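As structure tokens, the structure follows; a few thoughts come after it.
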Amino acid sequence: MKFNKWFSLILVSSALFLIVIDMTVLYTALPTITYELEASAFQKLWIVNAYPLVVAGLLPGLGTLGDKVGHKNMFLSGLVIFTLASVVAAFSPTSGTLIMARVILAIGAATMMPSTLAIIKQVFDDKKDRALALGIWSSIASAGAGLGPLIGGLLLTKFWWGSVFLINVPITIIVIIIAYIQIPNIKGNKDKKWDITSSILIMIGLIGTVYAIKEVTKENPSIVLIILTLVIGLWSLKLFISRQKRLSNPLISLDIFKNKYFLSGVIAAFTSASILIGFEMILSQRLQLILNLTPLKAGLVLMSMAAAAFIGAIVQGSILTRFDTIKILIYNLTISLIGIVGFTAFLHNDLWIQILFLSIAGLGLGGAMTVASNAIMTNVDDDKAGMAASVEEVSYELGGSIGIAALGGVFSFTYTYLMERSMSIAEIPAKAKGSFEETMIVAENSNGLLKSKLLELGTNAFDHAYSLILIITITIIAAIILLLWRILAETGKKIT
Numbered sequence: 008m009k010f011n012k013w014f015s016l017i018l019v020s021s022a023l024f025l026i027v028i029d030m031t032v033l034y035t036a037l038p039t040i041t042y043e044l045e046a047s048a049f050q051k052l053w054i055v056n057a058y059p060l061v062v063a064g065l066l067p068g069l070g071t072l073g074d075k076v077g078h079k080n081m082f083l084s085g086l087v088i089f090t091l092a093s094v095v096a097a098f099s100p101t102s103g104t105l106i107m108a109r110v111i112l113a114i115g116a117a118t119m120m121p122s123t124l125a126i127i128k129q130v131f132d133d134k135k136d137r138a139l140a141l142g143i144w145s146s147i148a149s150a151g152a153g154l155g156p157l158i159g160g161l162l163l164t165k166f167w168w169g170s171v172f173l174i175n176v177p178i179t180i181i182v183i184i185i186a187y188i189q190i191p192n193i194k195g196n197k198d199k200k201w202d203i204t205s206s207i208l209i210m211i212g213l214i215g216t217v218y219a220i221k222e223v224t225k226e227n228p229s230i231v232l233i234i235l236t237l238v239i240g241l242w243s244l245k246l247f248i249s250r251q252k253r254l255s256n257p258l259i260s261l262d263i264f265k266n267k268y269f270l271s272g273v274i275a276a277f278t279s280a281s282i283l284i285g286f287e288m289i290l291s292q293r294l295q296l297i298l299n300l301t302p303l304k305a306g307l308v309l310m311s312m313a314a315a316a317f318i319g320a321i322v323q324g325s326i327l328t329r330f331d332t333i334k335i336l337i338y339n340l341t342i343s344l345i346g347i348v349g350f351t352a353f354l355h356n357d358l359w360i361q362i363l364f365l366s367i368a369g370l371g372l373g374g375a376m377t378v379a380s381n382a383i384m385t386n387v388d389d390d391k392a393g394m395a396a397s398v399e400e401v402s403y404e405l406g407g408s409i410g411i412a413a414l415g416g417v418f419s420f421t422y423t424y425l426m427e428r429s430m431s432i433a434e435i436p437a438k439a440k441g442s443f444e445e446t447m448i449v450a451e452n453s454n455g456l457l458k459s460k461l462l463e464l465g466t467n468a469f470d471h472a473y474s475l476i477l478i479i480t481i482t483i484i485a486a487i488i489l490l491l492w493r494i495l496a497e498t499g500k501k502i503t
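Given below as structure tokens:
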């Protein structure tokens with residue numbers, strides 16, 4: 008089969024699509040999975056968080072390993088692991104088995120994710136074609152994140168919950184076979200040292216730190232566990248940074264962050280992922296629990312944001328070589344800010360108005376993700392493609408993970424606080440305060456008067472907590488725009 012760089016792009020993008028979907032498909036499938044497997048609140052948390060947490064921890068080490076052994080080898084190995092784990096996840100008899108399968112899925116995803124970007128950088132030597140390819144790559148990532156809930160909703164209307172994982176298998180098998188033949192075998196640098204100590208340090212550092220953040224946001228957090236994991240995580244990261252400064256051939260060269268464009272790309276990638284994934288998770292719950300939409304209809308609403316992000320990514324990929332990267336990042340984040348502000352202002356209006364502003368937000372975020380990817384991948388040498396790709400992927404995965412933890416945690420805390428405050432004016436059972444789902448369960452087993460009161464208080468608490476999340480989101484985007492503006496000023500350029 009004759010090599011075609013655009014066909015190679017289709018193959019790596021197909022794998023990326025599945026990886027991203029597996030992060031968001033549970034938004035609509037989780038209630039069903041929780042019920043069928045009788046998962047506890049703790050197990051429910053880990054069914055969702057095990058995947059992004061492990062991926063973020065493994066990406067730096069596995070991404071740079073690709074520079075040594077070859078990115079095609081890493082890509083195919085990751086696909087095989089991902090395929091096997093999908094089968095285990097689909098037929099998991101218990102919550103524990105599903106969590107284990109999600110961990111293995113994460114290992115497969117982390118093995119191939121950096122290689123998807125590195126392969127693009129290696130096969131597209133023309134600057135304009137590479138920019139367009141990165142735009143398509145980013146659009147696929149945006150589409151996957153948005154389509155995950157819709158695909159989950161569609162599958163659950165006809166099949167059992169395991170289908171949301173089993174659907175990966177036929178696609179990955181096809182990609183494995185064709186990729187083995189089609190993707191060029193660009194050999195890695197066998198003489199390049201791969202520092203396993205650094206890989207372990209950054210893995211422990213990222214997982215420990217993110218776990219501490221997630222623990223803080225739980226309803227009844229363990230102070231001891233928070234301190235322990237945070238100290239271990241931060242200490243490991245400190246040791247990692249010190250080691251990189253000493254090594255002549257570091258796992259991640261800290262010098263790459265001195266490039267203002269690379270740094271801006273990392274900041275924008277992290278922010279876009281935090282907002283897109285964290286925001287969508289809570290929005291999905293509101294659509295189903297408060298607006299009483301089916302999982303399928305909720306997925307369709309979320310798809311408007313994904314579709315706009317897809318368009319934004321493609322458009323930016325075709326024009327970003329003509330303009331300054333940081334300026335385009337600022338423009339795109341400003342568009343997303345307008346969308347979120349409009350969505351907040353019309354939160355209680357007709358759904359079509361909300362969809363309109365969601366689309367505007369998606370357009371900006373999708374464009375920002377494309378420009379961020381280009382800024383990261385085009386400001387390093389070819390022999391550091393895996394290193395840059397791992398940093399880029401960590402930015403997205405860590406951003407998404409922290410977005411879920413931080414926004415979800417603030418939301419849960421606010422909901423619980425408002426329900427506890429309501430207890431002084433109504434006889435509300437203690438177990439009705441943790442989440443709206445728990446409030447609904449208690450309400451279903453209560454008499455008519457208490458039932459209506461519980462649902463009313465729960466709805467009000469949910470909407471107030473959601474409004475706070477929107478305000479926080481707006482504040483974060485505005486702060487990042489100002490930060491990028493300052494970085495742009497340091498380059499000697501101005502917004503025009």
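What the sequence shown shows, in our numbering, is residues 8 to 503, in sequence order.
Where a beta carbon is used, it is the ideal one built from N, C-alpha and C, also for glycine.
Just so you know, these numbers come straight off a predicted model, no measurement behind them.
Alpha helix (DSSP H) segment containing residue i, residue limits
{"i": "Val171", "result": "170-173"}
{"i": "Phe14", "result": "12-31"}
{"i": "Ile297", "result": "No alpha helix (DSSP H) contains Ile297, which DSSP labels as neither H nor E."}
{"i": "Ile263", "result": "Here Ile263 belongs to no alpha helix (DSSP H), and DSSP marks it neither H nor E."}
Cβ pair residue i, residue j closer than 8 Å
{"i": "Val61", "j": "Ala96", "result": "no"}
{"i": "Phe172", "j": "Ser271", "result": "no"}
{"i": "Leu254", "j": "Asp202", "result": "yes"}
{"i": "Ala382", "j": "Tyr268", "result": "yes"}
{"i": "Ile488", "j": "Ile274", "result": "no"}
{"i": "Leu477", "j": "Ile318", "result": "no"}
{"i": "Val19", "j": "Thr123", "result": "yes"}
{"i": "Val322", "j": "Ala148", "result": "no"}
{"i": "Ala280", "j": "Gly410", "result": "yes"}
{"i": "Leu66", "j": "Met120", "result": "yes"}
{"i": "Ser380", "j": "Trp144", "result": "yes"}
{"i": "Leu16", "j": "Ile127", "result": "yes"}
{"i": "Gly371", "j": "Ser343", "result": "yes"}
{"i": "Phe418", "j": "Ile289", "result": "yes"}
{"i": "Leu495", "j": "Ile333", "result": "yes"}
{"i": "Gly212", "j": "Gly240", "result": "yes"}
{"i": "Asn339", "j": "Ala368", "result": "no"}
{"i": "Ala57", "j": "Arg109", "result": "yes"}
{"i": "Gly115", "j": "Val32", "result": "no"}
{"i": "His471", "j": "Leu425", "result": "yes"}
Per-residue DSSP class, three states only, for residue i
{"i": "Trp167", "result": "coil"}
{"i": "His355", "result": "coil"}
{"i": "Glu45", "result": "coil"}
{"i": "Ile483", "result": "helix"}
{"i": "Asp470", "result": "helix"}
{"i": "Lys200", "result": "coil"}
{"i": "Thr498", "result": "coil"}
{"i": "Ser255", "result": "coil"}
{"i": "Ser442", "result": "coil"}
{"i": "Phe330", "result": "coil"}
{"i": "Pro191", "result": "coil"}
{"i": "Asn452", "result": "coil"}
{"i": "Met8", "result": "Any reading at Met8 must be qualified, since the residue scores a pLDDT of 42, below 50, and its modelled position is unreliable; no value is offered."}
Chain B contact for residue i (CB, 8 Å cutoff)
{"i": "Trp168", "result": "The displayed structure is made up of one protein chain only, and chain B is not part of it."}
Please give the ranges of any alpha helix (DSSP H) in the stretch 64-147, keeping only runs that are unbroken, at least 4 residues long and fully inside the region. If only complete runs of 4 or more residues are kept, the stretch 64-147 shows the alpha helix (DSSP H) at 78-97, 102-130, in order along the chain.
Runs of beta strand (DSSP E) lying entirely within the stretch 376-407, each at least 3 residues, in chain order: none
Beta strand (DSSP E) runs contained entirely in the stretch 211-249, provided each spans 3 or more residues: none
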